[in-house]
Structures are given as structure tokens and as C-alpha cells.
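Peer 1: This is the structure I have questions about; it appears just below.
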Amino acid sequence: MNNKLHTTDLNLYFGQRHTLKNVNIGIPEKKIVAMIGPSGCGKTTLLRTFNRMHDLVHDVKITGDVKIEDLDIYGGSVPVTTIRRRIGMVFQKPNPFPKSIFDNIAYGLKLNKTPKDEVREIVEQSLKESALWEEVKNDLNKPANRLSGGQQQRLCIARTIAVKPEVILMDEPCSALDPISTAKVEELMLQLKKNYTIVVVTHNMQQAQRVADEIAFMYMGELLEYGPNQKIFHSPEKEMTRNYVSGHFG
Amino acid sequence: MKKQKKHIGGWILLLGSTILICTFLVNIIFHLFSKGIPVLSWDFIFGYPTDGMTKGGIFPAIIGTIMVTLITTVFAVPFGICCALYLNEYAGESTLTGTIRASIRNLSGIPSIIYGLFGLALFVQSLKLGTSMLSAGLTLGLLSLPYIITTTEESLKRVPNSTREAALALGATQFESIRDFVIPQAMPGIITGIVLTIARVAGETAPILFTGVAFYITGIPGSVKQEFMALPYHLYMLSTQHQSIETVRPLAYGTVTVLILIIFLMNLVAFYIRYKFRENE
Amino acid sequence: MSIRFRENTDRFFSRLFSFTGLLTIALLAGIFFMLVYNSVSFFLNTEPIDFFTGFQWNPGNKGSYGILPLIASTVLVTFGAMLIAVPLGIFTAAYMSEFADRKLQKFLKPVIEMLAAIPSVAVGFLGIVVIGPGIAKLFGIQNGLNALNGSILLAIMSLPTIITVAEDAIHAVPASYKEASLGLGADKWETLFRVTLPAALPGLIAAVMLGLGRAIGETMTVLMATGNSLAFPDGYLDSIRTITATIAIEMGEVPYQTTHYYALFAIATVLFVITLVVNLLGEEIAKHYRKFGA
Numbered sequence: 369m370n371n372k373l374h375t376t377d378l379n380l381y382f383g384q385r386h387t388l389k390n391v392n393i394g395i396p397e398k399k400i401v402a403m404i405g406p407s408g409c410g411k412t413t414l415l416r417t418f419n420r421m422h423d424l425v426h427d428v429k430i431t432g433d434v435k436i437e438d439l440d441i442y443g444g445s446v447p448v449t450t451i452r453r454r455i456g457m458v459f460q461k462p463n464p465f466p467k468s469i470f471d472n473i474a475y476g477l478k479l480n481k482t483p484k485d486e487v488r489e490i491v492e493q494s495l496k497e498s499a500l501w502e503e504v505k506n507d508l509n510k511p512a513n514r515l516s517g518g519q520q521q522r523l524c525i526a527r528t529i530a531v532k533p534e535v536i537l538m539d540e541p542c543s544a545l546d547p548i549s550t551a552k553v554e555e556l557m558l559q560l561k562k563n564y565t566i567v568v569v570t571h572n573m574q575q576a577q578r579v580a581d582e583i584a585f586m587y588m589g590e591l592l593e594y595g596p597n598q599k600i601f602h603s604p605e606k607e608m609t610r611n612y613v614s615g616h617f618g
Numbered sequence: 123m124k125k126q127k128k129h130i131g132g133w134i135l136l137l138g139s140t141i142l143i144c145t146f147l148v149n150i151i152f153h154l155f156s157k158g159i160p161v162l163s164w165d166f167i168f169g170y171p172t173d174g175m176t177k178g179g180i181f182p183a184i185i186g187t188i189m190v191t192l193i194t195t196v197f198a199v200p201f202g203i204c205c206a207l208y209l210n211e212y213a214g215e216s217t218l219t220g221t222i223r224a225s226i227r228n229l230s231g232i233p234s235i236i237y238g239l240f241g242l243a244l245f246v247q248s249l250k251l252g253t254s255m256l257s258a259g260l261t262l263g264l265l266s267l268p269y270i271i272t273t274t275e276e277s278l279k280r281v282p283n284s285t286r287e288a289a290l291a292l293g294a295t296q297f298e299s300i301r302d303f304v305i306p307q308a309m310p311g312i313i314t315g316i317v318l319t320i321a322r323v324a325g326e327t328a329p330i331l332f333t334g335v336a337f338y339i340t341g342i343p344g345s346v347k348q349e350f351m352a353l354p355y356h357l358y359m360l361s362t363q364h365q366s367i368e369t370v371r372p373l374a375y376g377t378v379t380v381l382i383l384i385i386f387l388m389n390l391v392a393f394y395i396r397y398k399f400r401e402n403e
Numbered sequence: 150m151s152i153r154f155r156e157n158t159d160r161f162f163s164r165l166f167s168f169t170g171l172l173t174i175a176l177l178a179g180i181f182f183m184l185v186y187n188s189v190s191f192f193l194n195t196e197p198i199d200f201f202t203g204f205q206w207n208p209g210n211k212g213s214y215g216i217l218p219l220i221a222s223t224v225l226v227t228f229g230a231m232l233i234a235v236p237l238g239i240f241t242a243a244y245m246s247e248f249a250d251r252k253l254q255k256f257l258k259p260v261i262e263m264l265a266a267i268p269s270v271a272v273g274f275l276g277i278v279v280i281g282p283g284i285a286k287l288f289g290i291q292n293g294l295n296a297l298n299g300s301i302l303l304a305i306m307s308l309p310t311i312i313t314v315a316e317d318a319i320h321a322v323p324a325s326y327k328e329a330s331l332g333l334g335a336d337k338w339e340t341l342f343r344v345t346l347p348a349a350l351p352g353l354i355a356a357v358m359l360g361l362g363r364a365i366g367e368t369m370t371v372l373m374a375t376g377n378s379l380a381f382p383d384g385y386l387d388s389i390r391t392i393t394a395t396i397a398i399e400m401g402e403v404p405y406q407t408t409h410y411y412a413l414f415a416i417a418t419v420l421f422v423i424t425l426v427v428n429l430l431g432e433e434i435a436k437h438y439r440k441f442g443a
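Protein chains in written order, with this note's numbering: chain A, 369 to 618; chain B, 123 to 403; chain C, 150 to 443.
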């Protein structure tokens with residue numbers, strides 16, 4: 369199995385704070401990897417390292433390698449905008465643009481001057497892939513912020529896949545949603561993994577159990593354990609992992 | 123009994139002060155407008171001064187004020203917005219950034235007459251622009267810069283970070299995220315700041331004293347390299363330097379009324395934009 | 150659209166924006182440099198001692214350039230302005246923050262903003278047509294263009310600044326302080342004067358400093374309403390001439406690059422330094438209060 373993403377001896381510092389410590393992780397292609405761990409363990413920080421969102425923060429130092437296949441993400445040989453097209457991100461709180469549903473999805477395409485007729489096609493296709501088409505197909509010009517929370521998040525997913533990424537990073541995508549919307553998004557994730565590699569950060573262990581192929585358990589900035597879903601939950605190697613997944617600490 | 127006394131004393135001080143301030147405003151406006159509005163007529167607003175500036179209208183002063191304010195805006199707004207964008211979107215917390223912010227704070231505290239001197243030294247003399255509408259406009263532009271930067275930065279801050287992140291995550295460059303989302307969303311606040319700046323600039327006299335304003339001009343300046351008339355200076359001259367101060371007193375009242383009306387109008391526009399903007403937030 | 154083009158555009162604008170940031174530093178430096186350069190030219194021709202301790206400002210052929218009457222005038226009129234504006238401003242701010250209900254607040258804030266919007270020429274004009282004659286009548290003197298007139302007008306100009314900053318400071322006093330005081334049996338007034346206002350003191354001082362800075366730097370108001378006589382001021386009913394008025398009056402007529410010309414820059418530098426110090430002090434105190442406030 370080839371790794372789509374992997375890090376080698378990744379260390380990250382926010383100023384003096386050593387937030388990620390010697391992380392070595394490989395994300396396999398077209399699978400769902402869930403990153404779990406208590407608050408502050410670094411899982412979101414690690415996620416954001418993959419699409420260089422830390423570039424926006426000052427006083428960040430990163431050492432080690434982060435690669436997508438053979439390409440060094442921080443190497444500078446490819447512009448960061450290209451990296452972010454290949455590695456998309458869905459955020460914790462749905463953040464549609466203050467535009468119509470159509471324009472939200474079309475934005476990424478317009479940046480690359482995709483021709484108009486192609487845009488219409490891709491918008492429709494993305495909405496179908498995100499299980500949102502049926503609900504909005506007659507209303508594409510409606511402002512996106514009039515959709516419900518769950519619909520907005522699926523819209524954000526549609527927006528992300530419209531630019532045809534290879535990887536989708538998801539930062540606690542359901543934590544702001546009600547249970548029904550959460551179920552819909554989880555179902556969507558299982559569909560999406562046929563075509564995309566998915567890395568999802570979640571603090572909801574049941575969710576991780578439901579959707580993940582592999583689990584990464586992080587604790588205090590370190591990748592403590594990584595393995596198949598079943599193994600992590602039923603026969604983890606480390607005691608800390610066992611304590612976490614059995615709910616002994618949050 | 124003692125507490126009663128304290129109460130009365132307190133009320134007198136606090137409520138009294140507040141009422142006094144309100145009456146200041148009301149009295150000022152009432153006095154100026156009651157003597158000024160009767161002077162306002164079509165001829166006064168659209169006519170030229172006649173009879174050695176003792177009769178006629180103030181049209182060239184109105185136009186002069188509008189034109190110099192336009193120059194100020196064209197110069198200061200792009201400059202100010204770019205600087206605010208730098209501070210809010212690009213700069214980290216470094217000594218350089220701290221120095222820039224300190225400079226802006228200090229610039230906002232410098233008396234306007236010193237800006238006038240600087241304009242004289244830089245635009246009129248060094249850059250050889252001479253006393254002109256251009257020199258005056260640029261000087262006023264420098265004066266307005268700190269205010270535009272501050273109000274723009276405040277508007278930029280109000281744009282939630284989630285919008286920026288969404289755009290960048292899709293592969294937009296930082297400039298594109300600013301162009302397509304940050305500035306449009308911050309626009310109402312930015313425009314409010316611009317309108318308020320215009321309101322202030324329209325009433326400024328000290329910076330234009332030696333950079334280009336004049337009292338006796340026959341017509342509207344044909345180019346920006348000429349001297350110009352302006353409402354605040356016109357008021358100043360009519361009320362202090364004129365040979366027949368008493369005769370032109372009504373003209374002075376009319377001028378001050380027009381000036382204040384224009385400024386109040388701009389403030390109302392800014393209030394309105396701010397109000398509509400807050401509604402949508 | 151090629152990635153290269155988009156990247157280059159991004160880089161171009163990023164550089165442009167940083168450049169404008171640097172320009173603001175350049176502007177401040179430029180103003181400072183201009184003042185110092187011309188002041189130095191002045192001091193090359195005259196004795197600094199005469200400048201700083203001279204009682205006569207009398208440019209002319211072999212003019213004397215003593216700054217004291219100008220400083221005295223400035224001090225006189227701004228002190229008077231503060232005497233009027235500080236109590237009025239703080240009490241109004243206290244009322245707005247602690248006693249006015251929401252509706253009244255919504256009414257008062259625009260009133261203050263409107264007061265602030267009145268340009269200095271208009272206030273100066275007011276001094277000429279209303280307050281001056283009023284003072285003349287009250288004191289039975291020739292005309293009312295004097296320091297008292299200036300003080301009243303400068304008070305009107307500084308009040309909005311003082312009120313706004315003071316109101317913020319009073320409002321920022323934690324509710325817990327007031328609750329503690331009321332819980333101990335004090336009434337609203339005792340709480341205000343013994344707890345709230347003292348707690349807001351740093352912010353109040355900052356408000357005063359900022360108002361003072363405004364008053365010191367005002368030109369048109371004092372130019373129009375204080376008489377502009379060059380003699381060393383005798384009292385509040387005396388005609389005075391501030392630093393700002395002197396620059397305004399004489400700069401227009403002075404020949405380029407003469408001693409007189411440089412002298413005006415010298416007093417401008419003094420003005421610059423004074424307002425800088427006042428504003429910096431105000432800022433430092435405000436920073437201090439922010440630590441204790443919210």
C-alpha cells in the first residue's frame with residue numbers, strides 16, 4: 369500500500385511551545401484515517417500541517433518532512449496554492465462564502481479560469497457527490513447562508529471537491545451539526561473515500577469507530593499509536609491508547 | 123438628610139453637565155443657523171462673490187472645497203487602505219510592525235498646522251508644486267492618513283477569519299482572498315471611514331493656509347496647479363480679515379451654515395451606512 | 150490563468166502593501182526631520198538661551214525671538230480650557246455611562262459626535278460673534294477677544310474627546326466593584342464617587358491628556374478669538390497669542406529661508422514636542438488602565 373501523505377520526523381513549534389513532537393505518520397491512499405486524542409494533543413495542528421495552513425500564523429517553526437507522494441510540501445518547488453488544490457480542507461464550523469450556492473462552488477473553479485459550461489457541469493456533479501443536489505437543484509442562486517447547518521457543511525464539502533483534490537482534510541466536520549446531519553456527513557465520507565483520501569480529526573470516538581479504516585491516536589504532541597480501526601479499539605498496544613478509547617480520560 | 127444633599131449635589135453635577143453640553147450644541151447650531159439660513163438663496167450658493175467680496179455668493183468656495191477634498195480622497199484612500207491591509211493581513215507582531223503602529227498613532231496627534239508646514243516645505247517648495255489645490259489636497263491627504271488607516275483596519279478586523287481560511291484552503295492566493303472576500307465584506311466600514319474623513323477635511327483650515335487657499339479669486343480654478351477658494355478659509359477671512367467685517371457678517375453666517383450643513387450631511391451618510399451595516403452583521 | 154501570473158500578482162501586492170507601511174514611518178520621520186532641520190538653521194543664527202527665555206517675540210529687522218510669551222499664552226488658554234472641560238466632560242461621561250438608560254444613551258452619543266464634527270473655524274466664528282461680545286458685556290471691556298474666550302472655545306473643542314474616552318474608561322470598570330460597594334450599603338452616588346471614578350482614574354487621566362493634546366494643537370479657534378496681541382499675557386481678560394496662532398499668522402508673509410522663517414519652525418518644533426509628550430503620556434496611562442480594566 370502506497371502512502372498518499374507522510375511525514376518524517378515532523379516537529380512543530382509555536383514560538384517556544386513544542387506542539388508536534390517527532391511525528392512519523394503515513395496516510396494510505398483512498399482510505400479514511402481518523403485522528404483522535406484528548407484536547408490539545410495536536411491533532412488539528414497536524415492536520416493543518418498537511419495543507420500549510422500554518423503559513424498564515426507568524427512565529428511557527430517546522431522541521432522535518434511532509435510529503436504528498438514524492439513531493440515535499442514545504443519544499444517550495446510547487447506553489448502553496450497548488451498544494452492546497454490537491455489537498456482540500458473542510459472546517460469545523462461550516463464557512464460558506466457570503467454568496468449563492470452556485471457561486472460558492474464555482475469560486476475555486478473561477479480562480480483557474482475554468483470555462484463557463486464546464487463550471488456548470490462541475491457544480492452539478494460536486495453537489496451530487498456531496499448528496500446535496502436533490503435538496504438545492506432548483507435553488508442554486510439562493511444565498512448559501514440560508515441553508516441549514518448540515519446543508520452548509522455538505523456545501524463546503526461540495527466546494528472542496530469541485531477543484532478535484534486528491535486528499536480531503538476534515539477538521540471535526542460534524543462537531544457543529546445535529547445528529548441527523550452528522551449521520552448524513554458520515555455516510556458521505558464513506559462514499560467519498562472511493563475517490564479521495566480522507567483524514568478526519570474527531571473528538572467523537574464512536575464516529576471514529578463508525579467511519580475510519582485506520583486510527584491515529586495522538587497525545588501531547590506525539591503520535592502514540594497508529595493502526596487499523598479494530599485493533600486500536602479492541603486490542604491497542606499502548607496503555608494510554610487503551611485508557612483513552614475506553615473513556616478513562618477525555 | 124445628608125444623603126439627600128449628596129443626591130441633589132450628584133444630580134446637579136452629572137445631569138447638569140450633560141444638559142449643559144446638550145444646550146451648547148443646540149445653542150451653537152441654533153444661533154448659527156438662525157442667522158445663516160436666511161442668507162441662503164440660489165444666488166448665494168451658486169453665485170460668485172461680487173463688489174469686492176462684499177456681496178454675492180460662495181459658489182467658488184463650495185466648489186473649491188469639493189475639489190480639494192476629492193484630491194485628498196484620491197490620494198489618501200488607496201494609500202491608507204494598502205497600509206491597513208498590510209497591518210491586518212500580512213504583518214506579524216514584530217518591532218517593525220510596532221514601529222509602524224506607533225508612527226500612525228503619533229501622526230494622528232500632530233497638530234494640523236504642523237502638517238501645513240510640512241506641506242509647505244515638501245509640496246509647495248521642494249517638489250515645486252507651488253501654492254496650489256494639488257499641494258493643499260496632498261497636505262490634507264497626509265493629515266487624513268492615520269484616520270483612514272485606523273478605521274479601515276477596524277473594518278478588516280471584523281471580517282471573520284473563517285472566510286479567509288475557506289478561500290485559501292481552496293487554493294486562492296492571499297491577495298485573491300483579500301480581493302474577493304475581505305475587502306468586499308469590509309467595504310461598508312471602509313466607506314464609513316472615508317465619508318467621515320471627508321467630513322473632517324472639509325472643515326480644515328490650518329493645513330491649507332500656506333499651501334494654496336486664497337480669498338480673492340475670480341473664478342473656479344481651471345487646473346489643480348492653481349490656487350483655490352475653500353469654505354473654512356472663506357469664513358475665516360470674512361470674519362477677521364475683511365475690510366468691512368460688519369457688512370459681510372451675514373455672508374459669514376451663510377458660509378458657516380453651508381459648511382456645517384455639508385459636514386452634518388456627511389456624518390448622517392456615515393451613520394446611515396454604519397446602521398445598515400450593523401443590521402446585516 | 151497561469152499559476153505563475155497569480156503568484157506574481159500576489160507577491161507584487163504583498164510588497165506594495167508592506168511598502169505603504171514603511172511610508173508611514175517615513176512620513177513621521179520626514180515631519181520630524183523638516184522641523185529639526187529648519188530649527189537648527191534658526192539656532193545657527195541666534196542664541197538658544199534668548200529663544201527659550203526671551204520675553205519678547207518681535208520679529209522684524211533685528212528681531213527678538215523669545216518664545217516665552219507664546220508659551221505663556223498657550224499654557225494660559227489651555228489650562229483655562231481644561232478647567233472648564235475636565236469636570237464637565239467627566240461628569241457628563243459618568244452620567245452617560247452610569248445613569249442614562251439605553252434610549253438616552255442612543256440620543257447622547259450622536260449629540261457628542263455632532264459636537265465633535267463642528268469644525269474649528271466655526272467654533273472660532275462663534276467666539277467672535279457670540280462669546281466674545283458676551284464676555285465684553287459681562288466684564289465691561291472693549292472687546293471679548295482674549296484668553297477667556299479662547300478657553301471656552303477650546304473647552305468646546307476638547308469636550309467630545311474627553312467625554313468619549315472617559316465614558317469608555319468608566320464603562321470598563323468591572324461590575325463587581327460596583328456590586329461590592331452597593332452590597333456594603335453604599336448608594337449609587339457614593340459608589341460612583343468613591344469606587345467607580347477612582348477605579349477609572351487612569352482612563353480619566355488619559356482622556357484629559359488626549360483632550361489637552363487637542364487643545365494645545367488647535368489653531369483656527371485661537372487665531373480667530375483670542376486677539377493675537379504679542380505682549381506677555383496679563384490674565385484671562387488679556388489678548389494672547391499662542392504658538393499655533395503665531396505660525397498661522399506669520400508663515401504666510403515671511404520670506405523664504407530667513408531667520409524669521411526658521412524661527413517659526415523652531416516654535417513649531419516646540420509645539421510638536423509638547424503635543425508628542427502629552428499624547429505619549431496619555432497613551433502610556435491608557436495602556437496602564439487597560440491592564441486593570443476589563
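For every residue, glycine included, the Cβ atom is placed at its ideal position computed from N, Cα and C.
(1) For MET457 of chain A, which residues in chain B fall below 7 angstroms Cβ to Cβ?
(2) By a C-beta neighbour count over all protein chains shown, 10 Å radius and 16 as the cutoff for buried, is LEU523 of chain A buried or exposed?
(3) Can you give me the start and stop residues for the alpha helix (DSSP H) that VAL220 of chain B sits inside?
(4) Which residues in chain A sit within 7 angstroms of SER284 of chain B, going by Cβ to Cβ distance?
(5) For PHE162 of chain C, decide whether its Cβ has a neighbour in chain A, counting only Cβ atoms nearer than 8 angstroms.
(6) Identify the continuous beta strand (DSSP E) that holds GLY403 of chain A and give its terminal residues.
(7) Thinking just about the alpha-carbon of each residue, which of B:ILE193, B:MET309, B:TYR208 is nearest to the one in LEU256 of chain B?
(8) Considering only C-alpha positions, which residue in the set B:LYS157, B:CYS144, B:GLY186, B:ALA324 is nearest to GLU262 of chain C?
(9) ALA356 of chain C CB to nearest chain B CB: under 8 angstroms?
(10) Short of 6 angstroms in beta carbon distance, which residues of its chain neighbour HIS437 of chain C, apart from the five on each side in sequence? Order them along the chain.
(11) If you compare alpha carbons, which of A:GLU605, A:SER603, A:PHE585 is closest to THR355 of chain A?
(12) Please decide whether PRO466 of chain A counts as near chain B, where near means a Cβ-Cβ distance under 8 angstroms.
(13) Assuming contact is defined by CB atoms lying nearer than 8 angstroms, are ILE354 of chain C and THR223 of chain C in contact in what I supplied?
(14) Can you confirm whether ALA294 of chain B, when its beta carbon is compared against all beta carbons of chain A, has any partner nearer than 8 angstroms?
(15) Indicate whether at least one CB of chain B lies closer than 8 angstroms to the CB of HIS422 of chain A.
(16) ARG527 of chain A and GLY476 of chain A: beta carbons closer than 8 angstroms?
(17) In angstroms, rounded to a whole number, what distance separates the CA positions of SER254 of chain B and PRO182 of chain B?
(18) Taking 8 angstroms as the threshold (C-beta atoms), are ALA234 of chain C and GLY360 of chain C in contact?
(19) Can you tell me where the beta strand (DSSP E) with PHE382 of chain A in it begins and where it stops?
(20) Going along the stretch 213-227 of chain B in order, which residues come within less than 9 angstroms of chain A, judged by CB to CB distance?
(21) What does DSSP give as the partner residues of PHE350 of chain B in its beta bridges?
(22) Which class does GLU432 of chain C belong to by DSSP, given the choice of helix, strand or coil?
(23) Quick one: what does DSSP say THR375 of chain C is sitting in, helix, strand or coil?
(24) With burial defined as no fewer than 16 other Cβ atoms inside 10 Å of the residue's Cβ, what is the status of ASP377 of chain A: buried or exposed?
(25) Helix, strand or coil for ARG390 of chain C per DSSP?
(26) Does DSSP put LEU251 of chain B in a helix, in a strand, or in coil?
(27) Just to confirm, are GLY238 of chain B and PRO329 of chain B a CB contact at a threshold of 8 angstroms?
(28) Give me whichever residues DSSP pairs with SER213 of chain C in a beta bridge.
(29) Which of helix, strand or coil does DSSP assign to PRO323 of chain C?
(30) DSSP state of LYS255 of chain C, grouped into three classes?
(31) Which class does GLU534 of chain A belong to by DSSP, given the choice of helix, strand or coil?
(32) If you follow the beta strand (DSSP E) that ASN513 of chain A is part of, which residue opens it and which one closes it?
(33) Since LEU381 of chain B meets chain C, which of its residues come closer than 8 angstroms, beta carbon to beta carbon?
(34) Give a yes or no on whether the minimum CB-CB distance between ASN513 of chain A and chain B is below 8 angstroms.
(35) Whose C-beta lies closer than 7 angstroms to the C-beta of PRO282 of chain C among residues of the same chain, with five residues either side of it excluded?
(36) Nearest CA to the CA of PHE297 of chain B: which residue from C:PHE162, C:ILE152, C:SER151, C:PHE154?
Peer 2: In brief:
(1) Residue numbering aside, residue 457 of chain A sits at position 89 when the first sequence is read from its first letter. Within 7 angstroms Cβ-Cβ: ALA291.
(2) For the purposes of this step, residue 523 of chain A is taken as the residue at position 155 of the first sequence. Classification for LEU523 of chain A: buried.
(3) Locating residue 220 of chain B in the second sequence gives position 98, where the first residue counts as 1. Residue 220 of chain B is actually Gly in this sequence, not Val. Here the alpha helix (DSSP H) through GLY220 of chain B covers 217-231.
(4) Counting from one through the second sequence, the residue named residue 284 of chain B turns up at place 162. Within chain A, the residues near SER284 of chain B are PHE459, LYS461, ASN463.
(5) In the third sequence, residue 162 of chain C corresponds to position 13, counting from 1. Taking Cβ atoms only, chain A never reaches closer than 8 angstroms to PHE162 of chain C, which makes this a no.
(6) The count along the first sequence starts at 1 and reaches residue 403 of chain A at position 35. A small correction: the amino acid at residue 403 of chain A is Met; Gly does not occupy that position in the sequence shown. Run containing MET403 of chain A: 400-404, per the beta strand (DSSP E) assignment.
(7) Position 134 of the second sequence holds residue 256 of chain B. Taking only the C-alpha atoms, the option nearest LEU256 of chain B is B:ILE193.
(8) As a first step, residue 262 of chain C is located in the third sequence; it is residue number 113 there, counting from the start. Cα-wise, what sits closest to GLU262 of chain C is B:CYS144.
(9) Looking up residue 356 of chain C in the third sequence gives position 207. Chain B, which has no Cβ nearer than 8 angstroms to the Cβ of ALA356 of chain C, makes this no.
(10) Taking the first residue of the third sequence as position 1, residue 437 of chain C is located at position 288. Here the set comprises PRO351.
(11) Any answer about residue 355 of chain A is impossible in this case: the structure gives chain A only from 369 up to 618.
(12) Stepping through the first sequence from its first residue, residue 466 of chain A is reached at position 98. By this cut-off, PRO466 of chain A is an interface position.
(13) Walking along the third sequence from the start, residue 354 of chain C turns up at place 205. Walking along the third sequence from the start, residue 223 of chain C turns up at place 74. No, the pair does not count as a contact, with Cβ atoms beyond the cut-off.
(14) As a position in the second sequence, residue 294 of chain B is number 172, starting the count at 1. For ALA294 of chain B, the answer is yes, since a Cβ of chain A falls inside 8 angstroms of its Cβ.
(15) Sequence index remark: in the first sequence, residue 422 of chain A carries index 54 (1-based). No, because no Cβ of chain B sits closer than 8 angstroms to the Cβ of HIS422 of chain A.
(16) Counting from 1 along the first sequence, the entry for residue 527 of chain A is found at position 159. Counting from 1 along the first sequence, the entry for residue 476 of chain A is found at position 108. Cβ atoms of ARG527 of chain A and GLY476 of chain A: closer than 8 angstroms.
(17) Translated into the one-based positions of the second sequence, residue 254 of chain B becomes position 132. Translated into the one-based positions of the second sequence, residue 182 of chain B becomes position 60. Taking the straight line joining both Cα atoms gives about 15 angstroms.
(18) Taking the third sequence and counting its residues from 1, the one referred to as residue 360 of chain C is at position 211. Taking the third sequence and counting its residues from 1, the one referred to as residue 234 of chain C is at position 85. Cβ atoms of GLY360 of chain C and ALA234 of chain C: closer than 8 angstroms.
(19) In the first sequence, the residue the question calls residue 382 of chain A occupies position 14. Run containing PHE382 of chain A: 371-382, per the beta strand (DSSP E) assignment.
(20) ALA213, GLY214, GLU215, SER216
(21) In the second sequence, the residue the question calls residue 350 of chain B occupies position 228. Answer by DSSP bridge pairing, in chain order: B:VAL335.
(22) In the third sequence, counting from the first residue as 1, residue 432 of chain C sits at position 283. Looking at GLU432 of chain C - three-state DSSP - the assignment turns out to be helix.
(23) One-based indexing of the third sequence puts residue 375 of chain C at position 226. Three-state DSSP puts THR375 of chain C in coil, outside helix and strand.
(24) Locating residue 377 of chain A in the first sequence gives position 9, counting from the first residue. Its Cβ having fewer than 16 others within 10 Å, ASP377 of chain A is exposed.
(25) The residue given as residue 390 of chain C occupies position 241 in the third sequence. Of the three classes helix, strand and coil, the one that applies to ARG390 of chain C here is coil, per DSSP.
(26) Residue mapping note: residue 251 of chain B aligns to position 129 of the second sequence, counting from 1. LEU251 of chain B falls in the coil class under three-state DSSP.
(27) As a position in the second sequence, residue 238 of chain B is number 116, starting the count at 1. As a position in the second sequence, residue 329 of chain B is number 207, starting the count at 1. Their beta carbons are under 8 angstroms apart, which means GLY238 of chain B touches PRO329 of chain B by this criterion.
(28) For the purposes of this step, residue 213 of chain C is taken as residue 64 along the third sequence, with counting starting at 1. Partner(s): C:ASN207.
(29) Here residue 323 of chain C corresponds to residue number 174 of the third sequence, with the count starting at 1. The answer is coil: DSSP assigns PRO323 of chain C none of H, G, I, E or B.
(30) Start at 1 with the first residue of the third sequence, and residue 255 of chain C comes out as number 106. Looking at LYS255 of chain C - three-state DSSP - the assignment turns out to be helix.
(31) Within the first sequence, residue 534 of chain A is the residue found at index 166, counting from 1. Coil, per DSSP.
(32) As a working note, residue 513 of chain A is residue 145 in the first sequence. No beta strand (DSSP E) contains ASN513 of chain A, which DSSP labels as neither H nor E.
(33) In the second sequence, the residue the question calls residue 381 of chain B occupies position 259. Here the neighbours are PRO268, VAL270, ALA271.
(34) As a working note, residue 513 of chain A is residue 145 in the first sequence. Not one chain B Cβ lies under 8 angstroms of ASN513 of chain A.
(35) One-based indexing of the third sequence puts residue 282 of chain C at position 133. For PRO282 of chain C, where only same-chain residues beyond five positions count, the Cβ hits under 7 angstroms are GLY293.
(36) Counted from its first residue, the second sequence places residue 297 of chain B at position 175. Checked all of C:PHE162, C:ILE152, C:SER151, C:PHE154; the closest Cα to PHE297 of chain B is C:PHE162.
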